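Presented below is the structure to which this report refers.
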Amino acid sequence: MKTNYSSWSILLLSVGLTFGQLSAQEAVKGEIRNTQFHTAYTPSFQNDGTDAPIKNVILMIGDGMGLAHLSAGMYSNHGQLTITSLKTCGLVRTQSANNFITDSAASGTAYATGQKTNNGTIGLDTIGNALINMPEKLDKIGYISGIVTTDNLDGATPAAFFAHQQNRNMGKEIWKDISQSKLTFFAAGSKELFKKQPQSTQKAIEKQFTILNTPDIKILKQSKKAGYLPEQSKTASINKNRGNFLPATTQMAIDYLNDKQAKGFFLMVEGARIDKSAHDNDFQAVVREVLDFDQAVEAAIRFAEKDGHTLVIITADHETGALSLGNGNMDTGNLKGTFVSKGHSPIMVPLFVYGPQSHYFSGVQENNDIHNKIYQLLSKSKNSN
Ligand SMILES: [Zn+2]
Numbered sequence: 547m548k549t550n551y552s553s554w555s556i557l558l559l560s561v562g563l564t565f566g567q568l569s570a571q572e573a574v575k576g577e578i579r580n581t582q583f584h585t586a587y588t589p590s591f592q593n594d595g596t597d598a599p600i601k602n603v604i605l606m607i608g609d610g611m612g613l614a615h616l617s618a619g620m621y622s623n624h625g626q627l628t629i630t631s632l633k634t635c636g637l638v639r640t641q642s643a644n645n646f647i648t649d650s651a652a653s654g655t656a657y658a659t660g661q662k663t664n665n666g667t668i669g670l671d672t673i674g675n676a677l678i679n680m681p682e683k684l685d686k687i688g689y690i691s692g693i694v695t696t697d698n699l700d701g702a703t704p705a706a707f708f709a710h711q712q713n714r715n716m717g718k719e720i721w722k723d724i725s726q727s728k729l730t731f732f733a734a735g736s737k738e739l740f741k742k743q744p745q746s747t748q749k750a751i752e753k754q755f756t757i758l759n760t761p762d763i764k765i766l767k768q769s770k771k772a773g774y775l776p777e778q779s780k781t782a783s784i785n786k787n788r789g790n791f792l793p794a795t796t797q798m799a800i801d802y803l804n805d806k807q808a809k810g811f812f813l814m815v816e817g818a819r820i821d822k823s824a825h826d827n828d829f830q831a832v833v834r835e836v837l838d839f840d841q842a843v844e845a846a847i848r849f850a851e852k853d854g855h856t857l858v859i860i861t862a863d864h865e866t867g868a869l870s871l872g873n874g875n876m877d878t879g880n881l882k883g884t885f886v887s888k889g890h891s892p893i894m895v896p897l898f899v900y901g902p903q904s905h906y907f908s909g910v911q912e913n914n915d916i917h918n919k920i921y922q923l924l925s926k927s928k929n930s931n
């Protein structure tokens, strides 16, 4: 009996560790009094939901951004966000092929390739075959692609859009995949890890991409393909002087890709630290990260509004922290939140869409459906420059 009891407790402990669930007594409470408000941008909706052809798609992934995270950002910002000003919304189910609770690698792969895979896997199916990712598919039909993240380039979410590796922890192999990728532009939080790669990997990447360590627009404009890896790391929390890296780099990527004479572009933008802040159960940081992400979304929406043939999709790869909200005040920016997990949860994530054909994304869908819908729209689009 005693042996049985202890093996059960080991099993329960390991389940608890896997999913990071906390008992009721361990729930972590947090509170914010926001002081950095921004004004939400509301577009005209002139091109929203029309049947006009799509030229460009901007997919914005708030890593770990559940409905509570988004609501927390909205309530603490005088009850308004650019994201929540949009009219077309839906919900996304995030289960992976082998797990009820996904990780960023499996969900990133679902968004990047249109197929569900096992947790931890980057760009491969459940038996290890390479899946064709969006930049690879689109390259064949004349579109160019880019990625922007506040994480390192080998983070699971960005990696899913260019790499094919068995495990998200295979950083060296993931970096090596960049030179073989179909990306035209990438920007990630820092150059630190790039400099740690073997000379052969660095050279292979530099052969394909002009690597910038400062946002030098002149050099960027002259580059056929470019990678922006800032000298001073921007992978830190928004509370630690990351500045406007995410909104500014989103704008940079849009300008760069739009300037190329391609059929159109696909851009993936990741707000990576919403997830990391939620893993830390840091409510204040979660809210600040959502507000930063919202300003990156604004750059995308303003472009879509002007362009008229751009679809912007804002969603998440999974929820993190099983976050719940308590009392708040929209005038003062005060809000209370409680985390009951240090890991991911299976709660459906919100989806907001702006641009022509936006209605195509409403309702409840799987994460891999989003990829398939985007590809369908772009591959049937007759629109060209
Ligand atoms: Zn996570």
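In terms of the working numbering, the sequence shown is residues 547 to 931.
Glycine included, each C-beta is placed from N, C-alpha and C at the ideal position.
Values in this document were obtained by computation on a predicted structure and should not be read as measured data.
Query	Result
Beta-carbon proximity list for residue 753, same chain, < 8 Å, skipping 5 on both sides	725
For residue 908, the nearest candidate out of 632, 887, 844, 675 (CA to CA)	632
Near ligand 1: residue 855 beta-carbon under 7 Å from a heavy atom	no
Span of the beta strand (DSSP E), counted from its first residue to its last, around residue 572	Where residue 572 is concerned, there is no enclosing beta strand (DSSP E), given that its DSSP letter is neither H nor E.
Residues that DSSP places opposite residue 897 in a beta bridge	636
Any 3 or more C-beta pairs closer than 8 Å across the segment 625-643 and the segment 888-908	yes
heavy atom of ligand 1 below 7 Å from residue 610 C-beta	yes
Short Cβ contact (8 Å threshold) for residue 816 with residue 607	yes
Cβ-heavy atom distance, residue 615 to ligand 1, below 7 Å	no
Rounded straight-line distance, which links the Cα of residue 704 to that of residue 715	13 Å
Cβ separation of residue 820 and residue 624, assumed to be a contact under 8 Å, to the nearest whole Å	About 20 Å; that fails the 8 Å criterion.
Same chain, Cβ closer than 6 Å to residue 656, five either side skipped, listed in chain order	662, 913, 914
Residue 648 Cβ short of 7 Å to ligand 1 heavy atom set	no
Exposure label - residue 910; buried when at least 16 CB within 10 Å	exposed
Residue 701, DSSP secondary structure in three states	coil
Within the segment 585-664, ranges of the alpha helix (DSSP H) (whole runs, at least 4 residues)	613-621, 650-659
Residue 667 CB to nearest heavy atom of ligand 1 below 7 Å	no
Cutoff 7 Å; reference residue 849; Cβ partners in own chain excluding five residues on either side	800, 856
Nearest neighbour of residue 728, chosen from 772, 827, 871 [CA to CA]	772
CB contact flag (residue 692, residue 813, <8 Å)	yes
Heavy atom of ligand 1 within 7 Å of residue 890 beta-carbon	yes
Residue 840 Cβ short of 7 Å to ligand 1 heavy atom set	no
Beta-bridge pairing of residue 774 - partner residues as DSSP gives them	733, 758
Local conformation of residue 707 per DSSP, three classes	coil
Heavy atom of ligand 1 within 7 Å of residue 821 beta-carbon	yes
Residue 889 to residue 869 span [Cα, whole Å]	11 Å
Where residue 664 falls, given that 16 or more other Cβ within 10 Å makes a residue buried	buried
Alpha-carbon spacing of residue 758 relative to residue 823, whole angstroms	28 Å
Same chain only: Cβ atoms within 6 Å of residue 750, ignoring 5 sequence neighbours per side	725
DSSP three-state assignment for residue 564, whether helix, strand or coil	In this prediction, residue 564 has a pLDDT of 43, which is less than 50 and means its spatial position is unreliable; what the coordinates show is noted afterwards. Three-state DSSP puts residue 564 in a helix.
Extent of the continuous beta strand (DSSP E) to which residue 811 belongs	811-817
Inter-stretch contact at 8 Å, needing at least 3 Cβ pairs: the segment 670-681 / the segment 640-660	yes
Chain-order list of residues whose beta-carbon lies under 6 Å from that of residue 602 (same chain, five-residue window excluded)	810, 811, 856
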